[in-house]
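Here the protein sequences come in this chain order: A and B.
Read in order, the letters of the first sequence are residues 5 to 268 in my numbering.
Read in order, the letters of the second sequence are residues 154 to 464 in my numbering.
Glycine included, C-beta positions come from ideal geometry on N, C-alpha and C.
The structure presented is a predicted model; accordingly, all values stated were derived computationally and were not measured.
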Amino acid sequence: MSQPQKKIGDTLLKVEDISLSFGGVKAISGVSFEIKEQEILAIIGPNGAGKSSMLNVINGFYHPQEGTITYKGEARHQMRPHNAAKQGIARTFQNIALFKGMSTLDNIMTGRLLKMRRNFLWQALYWGPALKEELAHRERVEQIIDFLEIQAIRKTQVGRLPYGLQKRVELGRALAAEPDLLLLDEPMAGMNVEEKEDMCRFVLDVNDEFGTTIALIEHDMGVVMDISDRVVVLDYGRKIADGSPDEVRGNKNVIDAYLGVSHD
Amino acid sequence: MGVLNEFFVLPFLDIAEAPLFFIEVIIGGLSAGVMYSLVALGFVLIFKASGVFNFAQGVLALFAALTLVGIMEWGVPAPVALLLTAAVMVGLAFAVERLVLRPLVNQEHIILFMSTIGLAYFLEGLGDTLWGSNVKKLDIGIPEQSFEIGGVLLNQFELVAAATAGTLVAVLAVFFHYTRVGRALRAVADDHQAALSVGIPLKTIWVIVWSVAGIVALVAGIMWGSKSGVQFSLSLIALKALPVLILGGFTSVPGAIVGGLIIGVGEKIGEVYWGPALGGAIENWFAYVLALMFLVFRPQGLFGEKIIERV
Ligand SMILES: Nc1ncnc2c1ncn2[C@@H]1O[C@H](COP(=O)(O)OP(=O)(O)O)[C@@H](O)[C@H]1O
Ligand SMILES: [Mg+2]
């Protein structure tokens with residue numbers, strides 16, 4: 005696979021000394037790492053390592069007890085979901101969170117809610133300028149639908165779609181926000197080989213064509229080695245490695261974490 | 154034979170003999186049903202958007218009516234008093250979000266439900282303290298003359314009530330289906346986590362639904378209060394809203410409307426035509442029996458949305 009040379013830039017997001025616990029359970033202990041502009045960062049690790057928790061910290065679903073999150077140069081102790089979304093962080097979930105009662109089109113459209121310029125209450129007055137705006141948004145949504153090759157299910161209620169397609173719609177909804185930072189929690193879990201290949205292609209294309217920075221959690225090492233620029237490895241809530249795919253693959257701690265214990 | 158006759162023959166003979174009277178009975182039932190619909194509608198809005206079963210919806214109607222009467226007693230003209238009361242209901246929505254919902258976010262549904270029971274008692278007490286507990290007359294100038302069309306006796310008040318409820322429902326339907334706030338509301342109702350992730354501010358949404366529910370309660374309170382005086386029994390219409398919800402489905406706006414009308418009409422017809430056979434007071438239990446039958450045979454309600462389950 006030929007990787008075009010990328011212009012990986014400055015730090016977009018930096019987490020420092022993040023610690024998060026639920027009651028007595030320590031999900032994350034003192035983890036720090038950076039995500040640079042335009043890179044694809046993979047977060048890997050055995051089940052329960054704290055990967056999903058980390059994404060939840062980044063988009064403000066979880067509030068860490070300790071640590072700092074610096075996003076676009078602004079440091080905070082915690083993010084909040086609404087602000088995270090407003091500042092360009094979009095995401096998908098390990099256990100798909102779609103609007104199951106809505107069509108594919110409406111799901112993706114809802115992902116653009118914050119792009120709609122007029123303020124929240126004003127939007128209630130739908131007619132006039134707002135209608136024109138709506139049409140522009142519709143066009144953008146159609147482009148995303150074309151990009152993800154899901155034209156055939158535009159009007160289908162997403163609750164009825166097979167798992168692989170739901171994952172794709174969820175990606176579409178995240179893309180609709182035109183994010184600067186895209187967080188993907190196991191986007192390829194439970195997919196067959198062909199679906200995985202499609203998803204890999206979409207992830208690479210998003211990164212390549214839109215310059216979107218991506219942090220993704222993935223279990224399939226083949227996929228991770230193929231698409232990521234850098235890999236962070238978590239185990240029992242601690243970071244045990246951070247480097248290029250090749251460096252990480254040879255790292256003794258990582259081999260132990262994966263081979264020493266049986267997982268899944 | 155006599156019993157069968159009373160149940161299966163006489164009522165229908167009565168209907169056939171005086172069809173115009175039958176129509177009047179139906180209209181009477183519809184006008185009571187509109188009230189049930191309005192209260193149920195308030196429930197549905199809040200339940201859809203926040204998963205909270207709002208026990209206080211009936212008391213909200215009472216509180217709104219009490220506030221309206223209280224403000225009018227200061228000598229404020231009706232239209233201004235209406236606006237002021239609506240503002241009070243919106244203020245209440247802000248207070249509920251800040252003081253009740255926000256501290257309880259992510260708690261079990263049952264805890265939120267209990268907090269609305271607390272809210273109901275609080276509002277009852279507050280209304281009582283602010284405006285007194287005696288029965289009050291509410292007259293905002295809705296005409297009440299009766300007139301006849303084609304032999305059917307109609308009351309202007311009931312027409313106004315029906316028209317108001319119809320308009321309210323139409324406005325809400327448009328709001329929910331064609332505006333972006335409506336889209337956000339539906340998104341929140343469908344999946345909280347997903348809604349948060351696309352940046353929908355849950356708190357704003359809650360203030361909006363509670364405001365809308367408060368204004369719907371105000372309309373219900375006006376209708377009911379103008380008819381039977383503003384008194385604490387008003388909050389009891391909330392009890393009738395429960396069977397309406399079972400009939401219509403907890404998450405269906407059209408369901409709340411249709412359910413309310415069916416129960417209103419059903420209990421009136423039952424009372425007038427089957428009352429003699431069953432010893433009267435059918436209005437008191439008809440709704441509950443119908444709801445029980447629905448629970449057994451069609452638990453998702455008339456409008457078929459699946460009962461909400463969270464895993
Ligand atoms: N909301 C939560 N409440 C309680 N414990 C949680 C919660 N979320 C995660 N955890 C715990 O934190 C640890 C890390 O979980 P998670 O981040 O989901 O791991 P991963 O995604 O790497 O499999 C686990 O022990 C998990 O049980
Ligand atoms: Mg996980």
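Host alpha helix (DSSP H) of Ala314/B (start-end): 309–331
Chain B contact for Met229/A (CB, 8 Å cutoff): no
Listed by chain order, chain B residues near Gly27/A by CB distance under 9 Å: The premise fails here: Gly27/A is roughly 14 Å from chain B at the closest Cβ pair, so nothing lies under 9 Å.
For Tyr75/A, the first and last residue of its enclosing beta strand (DSSP E): 70–75
Straight-line gap, Ala25/A to Ala53/A (C-alpha atoms, nearest Å): According to the sequence as given, residue 25/A is Ser; it is not Ala. If you take the alpha carbons of Ser25/A and Ala53/A, they lie about 12 Å apart.
Cutoff 8 Å: Gly353/B Cβ touching any chain A Cβ: The question names Gly, but residue 353/B is Ile in the sequence shown. With 8 Å as the cut-off, Ile353/B counts as an interface residue toward chain A.
CB contact below 8 Å: Lys171/A versus chain B: no
is_contact[Lys159/A, chain E] using C-beta, thresh 8 Å: Among the protein chains in the structure shown, which are A and B, there is no chain E.
Nearest-angstrom Cβ-Cβ length linking His81/A and Gly352/B, presumed shorter than 8 Å: Going by Cβ atoms, the distance from His81/A to Gly352/B rounds to 20 Å, so no, they are not a contact pair.
heavy atom of ligand 2 below 7 Å from Gln346/B C-beta: no
Closer than 7 Å at the beta carbon, the chain A residues around Gln210/B: Near Gln210/B there are no residues of chain A at all, since even the closest Cβ is about 23 Å away, more than 7 Å.
Short Cβ contact (8 Å threshold) for Leu186/A with Lys55/A: no
Ala218/B beta carbon less than 8 Å from that of Ile368/B: no
Range of the contiguous alpha helix (DSSP H) that encloses Ala193/A: Taken as a continuous stretch (DSSP letters only), Ala193/A belongs to no alpha helix (DSSP H), as it is neither H nor E.
Among Ile48/A, His67/A, Gly71/A, nearest to Lys18/A - alpha-carbon criterion: Gly71/A
Arg336/B: contacting residues in chain A (beta-carbon distance under 8 Å): Asp110, Met113, Thr114, Leu117
Enclosing beta strand (DSSP E) for Thr160/A [first to last residue]: Unbroken run through Thr160/A: none, as it is neither H nor E.
C-alpha distance - Asp209/A paired with Pro50/A, whole-angstrom precision: 28 Å
Within 8 Å, strictly: CB atoms of Asn118/A and Ala181/A: One detail in the question is off: residue 118/A reads as Leu in this sequence, not Asn. Yes, Cβ-Cβ distance for Leu118/A and Ala181/A is below 8 Å.
Chain A within 8 Å of Gln346/B, Cβ atoms only: yes
Where Ser266/A falls: helix, strand or coil (DSSP): Only weak support is given to the placement of Ser266/A: the predicted model assigns it a pLDDT of 48, under 50, and the question is left unresolved by the model.
Distance CB(Val383/B)-CB(Val222/B) smaller than 8 Å: yes
Alpha-carbon to alpha-carbon, Ile32/A and Val207/A: 27 Å
Contact shell at 7 Å, judged by CB to any heavy atom of ligand 2, ordered along the chain: Lys55/A, Ser56/A, Gln98/A, Asp189/A, Glu190/A, Ile221/A
Residue nearest to Ser379/B in terms of C-alpha spacing, selected from Pro296/B, Phe275/B, Val197/B: Pro296/B
Cβ-heavy atom distance, Val29/A to ligand 3, below 7 Å: With respect to small molecules bound, the structure shown includes ligand 1 and ligand 2 and not ligand 3.
Spatial neighbours of Ile390/B in its chain, beta-carbon cut-off 8 Å, leaving aside the 5 residues before and after: Met188, Tyr189, Val192, Gly211, Ala214, Ala373, Trp377
Thr96/A versus Asn196/A - alpha carbon distance: 19 Å
For Ala101/A, the three-state DSSP class (helix, strand or coil): coil
Ordered list of alpha helix (DSSP H) runs contained in the stretch 229–260 of chain B, each at least 4 residues: 231–249
Chain B contacts from the stretch 71–85 of chain A (Cβ-Cβ distance under 9 Å): Pro85
Any non-hydrogen atom of ligand 1 within 7 Å of Gly163/A CB: no
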